[in-house]
């Protein structure tokens, strides 16, 4: 509910996407416009791919993309610790 309220107030879905990417061992994330719903898939061999049906639509990251590694913390500054 915390992020849904922020999203309704104009927060970018990519903030939550990068937080999950940097903190959880997901396999595939899909983001949807209604309440910024997220489908989180888990797998013993994670793909680590993020796709969205919220603008900008498409693939945010996947292995091999320049943005897949590195520091994404600027996206989710202010998130609870």
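Numbering (the numbering used here), first residue to last: 433 to 513.
Ideal Cβ placement from N, Cα and C applies to all residues, glycine included.
The structure displayed is predicted, hence computed values, not measured ones.
_Out of 437, 444, 433, which one is the CA nearest neighbour of residue 509?_
For the purposes of this step, residue 509 is taken as the residue at position 77 of the chain shown. Checked all of 437, 444, 433; the closest Cα to residue 509 is 444.
*Name the two residues that bound the continuous beta strand (DSSP E) containing residue 483.*
Within the chain shown, the letter at position 51 stands for residue 483. For residue 483, the uninterrupted beta strand (DSSP E) segment begins and ends at 481-484.
*residue 469 bridges to which residues according to DSSP?*
Within the chain shown, residue 469 is the residue found at index 37, counting from 1. According to DSSP, residue 469 bridges with 464.
*Starting from residue 456 and walking both ways along the beta strand (DSSP E), at which residues does that stretch end?*
Your numbering for residue 456 matches position 24 in the chain shown. No beta strand (DSSP E) contains residue 456, which DSSP labels as neither H nor E.
*If you follow the alpha helix (DSSP H) that residue 436 is part of, which residue opens it and which one closes it?*
Reading the chain shown from its first residue, position 4 is the one you call residue 436. Per DSSP, residue 436 belongs to the alpha helix (DSSP H) from 434-440.
*How would you call residue 477, buried or exposed, if buried means at least 16 neighbouring beta carbons within 10 angstroms?*
Translated into positions along the chain shown, residue 477 becomes position 45. Counting Cβ neighbours within 10 Å, residue 477 comes out exposed, since fewer than 16 surround it.
_Tell me which residues share the same chain as residue 463 and place their Cβ nearer than 6 Å to its Cβ, disregarding the 5 neighbours each side in the sequence._
On the chain shown, residue 463 is found 31 positions in, with the first residue counted as 1. Same-chain partners within the cutoff: 445, 470, 484, 486.
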